[in-house]
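J.: Submitted below is the structure of interest, expressed as structure tokens.
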Amino acid sequence: MSEEHGPDPAAIERVAGIIDSAERVVVLTGAGISTDSGIPDFRGPNGVWTRNPAAEKASTLQHYLNDPDVRRGAWQTRLTSPAWGAQPNDGHRALVQLERRGKLHVLVTQNIDELHQRAGNSPTKVVEVHGTMHRYMCWGCSDEGPMGVMLDRVRAGEADPACMTCGGVIKSATISFGQSLVPEVIDRALQSAEEADVLLAVGSSLQVYPAANMVPRAHAAGATVVIVNGEPTKMDGLADVLLLGSTSTILPAICG
Numbered sequence: 071m072s073e074e075h076g077p078d079p080a081a082i083e084r085v086a087g088i089i090d091s092a093e094r095v096v097v098l099t100g101a102g103i104s105t106d107s108g109i110p111d112f113r114g115p116n117g118v119w120t121r122n123p124a125a126e127k128a129s130t131l132q133h134y135l136n137d138p139d140v141r142r143g144a145w146q147t148r149l150t151s152p153a154w155g156a157q158p159n160d161g162h163r164a165l166v167q168l169e170r171r172g173k174l175h176v177l178v179t180q181n182i183d184e185l186h187q188r189a190g191n192s193p194t195k196v197v198e199v200h201g202t203m204h205r206y207m208c209w210g211c212s213d214e215g216p217m218g219v220m221l222d223r224v225r226a227g228e229a230d231p232a233c234m235t236c237g238g239v240i241k242s243a244t245i246s247f248g249q250s251l252v253p254e255v256i257d258r259a260l261q262s263a264e265e266a267d268v269l270l271a272v273g274s275s276l277q278v279y280p281a282a283n284m285v286p287r288a289h290a291a292g293a294t295v296v297i298v299n300g301e302p303t304k305m306d307g308l309a310d311v312l313l314l315g316s317t318s319t320i321l322p323a324i325c326g
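In terms of this note's numbering, the sequence shown has 72 at position 2, counting the first letter as 1, and numbering is strictly consecutive.
This is how it looks when you write it as structure tokens:
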């Protein structure tokens, strides 16, 4: 199987049958599901960090909090992010169809773009392990609100807008490297993997933990593990079926 030619049609048919028979499909999505919406991933061949390793600094909490230059650069990156104009693609819509069929148990996403909700998945089904770029939060007093408020201040000339309440550092409501995850969110994600009869890992490099632990947990619990990705992952050996290719092409074919 290669990304160029797509997966074997027999493998597609097999996974469609597995999903047809399933009662609790748990989905884990990563950046790869949103690349066809024009949002670049991080670690792929054309990923943000692959092309510009310095950009990873802005995603590291210590650098972001302590270096005003990093924050100023991060605000300009946020301002021009292609995610603001991105629309859900056929891969996102296929997961909505999975929910409408009553198959979707939980949709865990490592993405911060909210495209699953915009596509039509119920927010109660979506678990955002890394938060959302659509809101801001103050590191000092925990004030939060819509990101658009802060972006308007940047457009008006504030290179590094501070909290209007306490003067603290403002960041997006996303989980940076070095920042603690929300225990309740991670617990729900990992618990859902153990409840699945099918785990569908989509568009994820499966290198970022603890979300990546969903794959071995589901495998150990007896779930059928299906990995759909543009490139091989280090967890491919745990997959019952591996589908290499475009997620926006494969998901509609297997989700019905």
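Note that CB positions come from ideal geometry on N, CA and C, so glycine has one too.
#1: Please list the terminal residues of the continuous beta strand (DSSP E) segment that includes Glu-198.
#2: Could you spell out where the alpha helix (DSSP H) holding Ser-318 opens and where it closes?
#3: Would you call Pro-158 buried or exposed, if buried means 16 or more other Cβ atoms sit within 10 Å of its Cβ?
#4: Need the endpoints of the alpha helix (DSSP H) that Tyr-134 sits in, please.
#5: In its own chain, which residues sit with a C-beta less than 7 Å from the C-beta of Leu-135, not counting the 5 before and 5 after it?
#6: Per DSSP, which one or two residues make a beta bridge with Pro-79?
#7: In the DSSP assignment, what residue or residues form a beta bridge with Ile-297?
#8: In the structure shown, what three-state DSSP assignment does Met-207 receive?
#9: Alpha helix (DSSP H) containing Ser-262: first to last residue?
#10: Mapping DSSP to helix, strand and coil, what is Glu-228?
#11: Using the rule of at least 16 other Cβ atoms within 10 Å of the residue's Cβ for burial, across every protein chain shown, is Pro-77 buried or exposed?
#12: Kindly give me the distance between the Cβ atoms of Arg-94 and Ala-266, rounded to whole angstroms, as I take these residues to be in contact under 8 Å.
#13: Ala-128 to Asp-90, Cα distance in whole Å?
#14: Give the secondary structure of Thr-303 by DSSP, where H, G and I count as helix, E and B as strand, and everything else as coil.
#15: Sort Leu-276, Val-311, Leu-177 by Cα distance to Ala-80 and report the nearest one.
#16: Using 8 Å as the Cβ pair cut-off and three pairs as the minimum, do the stretch 267-277 and the stretch 235-249 touch?
#17: Could you check the C-alpha separation between Tyr-279 and Val-140 for me, to the nearest Å?
#18: List the endpoints of the continuous beta strand (DSSP E) containing Pro-216.
#19: What three-state label does DSSP hand Gly-201 in the structure shown?
#20: On the three-state DSSP scale, how would you describe Ser-242?
#21: Give me the residue from Glu-228, Met-220, Glu-301, Gln-187 with the minimum Cα distance to Ala-164.
#22: My guess is that Pro-138 and Asp-230 are in contact by the Cβ rule of under 8 Å, so how many angstroms apart are they, rounded?
#23: Would you kindly work out how many angstroms separate the C-alpha atoms of Asn-283 and Gln-167, rounded to a whole number?
#24: So what's Ala-153 in DSSP terms, helix, strand or just coil?
#25: Let me make sure I understand the geometry here. Which of Ile-103, Ser-212, Ala-243, Val-255 has the alpha-carbon closest to that of Met-234?
T.: Put simply:
#1: Following the DSSP letters along the chain, one finds Glu-198 inside the beta strand (DSSP E) bounded by residues 196-198.
#2: 317-325 is the span of the alpha helix (DSSP H), which, as asked, contains Ser-318.
#3: Under this definition Pro-158 is a buried residue.
#4: Per DSSP, Tyr-134 belongs to the alpha helix (DSSP H) from 131-136.
#5: Trp-209, Val-239.
#6: Note: Pro-79 sits in no beta bridge, so no partner.
#7: DSSP, once it has assigned bridges, lists Ala-271, Leu-312 as partnering Ile-297.
#8: Note: Met-207 maps to strand in three-state DSSP.
#9: Annotation for Ser-262: the continuous alpha helix (DSSP H) segment containing it runs 253-265.
#10: Three-state result, Glu-228: coil.
#11: Buried, by the Cβ-count rule.
#12: Taking 8 Å as the upper bound for CB-CB distance, Arg-94 and Ala-266 are in contact here, some 5 Å apart.
#13: Each residue's CA atom was taken as its position, placing Ala-128 and Asp-90 some 42 Å apart.
#14: Thr-303 falls in the coil class under three-state DSSP.
#15: Comparing Cα-Cα distances from Ala-80 to each of Leu-276, Val-311, Leu-177, the minimum goes to Val-311.
#16: No, the stretch 267-277 does not touch the stretch 235-249.
#17: Cα to Cα, Tyr-279 sits roughly 25 Å from Val-140.
#18: Run containing Pro-216: 214-216, per the beta strand (DSSP E) assignment.
#19: Annotated three-state conformation of Gly-201 is strand, per DSSP.
#20: Shown here, Ser-242 sits in a strand according to DSSP, grouped into three states.
#21: Of the listed residues, the one whose Cα sits closest to Ala-164 is Gln-187.
#22: By a beta-carbon distance limit of 8 Å, Pro-138 contacts Asp-230. Their separation comes to about 6 Å.
#23: Near 26 Å, if we compare the C-alpha coordinates of Gln-167 and Asn-283.
#24: For Ala-153, the secondary structure class from DSSP, reduced to helix, strand or coil, is helix.
#25: The candidate whose alpha carbon is nearest that of Met-234 is Ser-212.
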